[in-house]
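Notes follow the structure.
Residue numbers (the numbering used here): 5 to 180.
Here you go:
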């Protein structure tokens, strides 16, 4: 993995930057815009470091053929259980992700099990790797990950970009 600073410790997806729902970092490399809603540089110097870091990550992914997200840390209903459940006949969720996306991996490791504990069937959510399925990325116009798209039949009902807490996600899908 390429690094952009003189630090001796290895860097893992956005480790040096604080996460916030208020900031957005953008990196443009070869005409491709990479939105990282998970990384928030803390000063002007780290803005450039963040851009270089994400550019190097994108370059490394491109060369090897195979960070981004709003963290909902202030959910006032985070302790409430969701009682209603979606059913496969009603709705299906496409979860656009990438193996290089730290917030995407965290959502799969933390929030997906929390949804299953609430009675959600993981078959109702389809994980779509944007690097493995560029045709679906283009078809659904995915510009950032993670992105959730709720389908009823084959029709898109709603979409959200950014990481969601399990209760917020369940409430959003159930309310549609």
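From the three backbone atoms N, C-alpha and C, an ideal C-beta is built for every residue, glycine too. It should be emphasised that the depicted structure is a prediction, and the values quoted were computed from it without experimental measurement.
Requested in this report: Tell me where the alpha helix (DSSP H) around residue 172 begins and ends.
Outcome: 170–179
Report task. Name the two residues that bound the continuous alpha helix (DSSP H) containing residue 143. Result -> 138–143
Query raised in the report: Got a sec? Which residues, its chain only, sit under 6 Å from residue 170 by beta carbon, not counting five neighbours each side?
Result: 115, 118, 119
Query raised in the report: Just curious, the alpha helix (DSSP H) that residue 120 is in, first and last residue?
Result: 116–121
Query raised in the report: Among all the DSSP beta bridges, which residues are the ones paired with residue 133?
Result: 101
Report task. Can you give me the start and stop residues for the alpha helix (DSSP H) that residue 107 sits inside? Result -> 106–110
Query raised in the report: From this set, 178, 113, 177, 100, which residue's C-alpha is nearest residue 138's C-alpha?
Result: 100
Requested in this report: In angstroms with no decimal places, state the Cα-to-Cα distance between residue 162 and residue 97.
Outcome: 10 Å
**Report entry** Local Cβ density within 10 Å of residue 123, reported as buried at 16 or more and exposed below that
**Finding:** exposed
Query - 8 Å Cβ cutoff met for residue 95 and residue 168 - result: no
**Report entry** Cβ distance (whole Å) where residue 129 is taken to contact residue 149 below 8 Å
**Finding:** Contact flag wrong, Cβ pair sits at about 15 Å.
Requested in this report: Taking residue 175 as the reference, give the member of 158, 159, 154 with the closest Cα.
Outcome: 154
Query raised in the report: CB residue 152 to CB residue 164, shorter than 8 Å?
Result: yes
Query raised in the report: If you run the structure through DSSP and keep just helix, strand and coil, what is residue 167?
Result: coil
Query - Backbone CA spacing between residue 106 and residue 112 [nearest angstrom] - result: 10 Å
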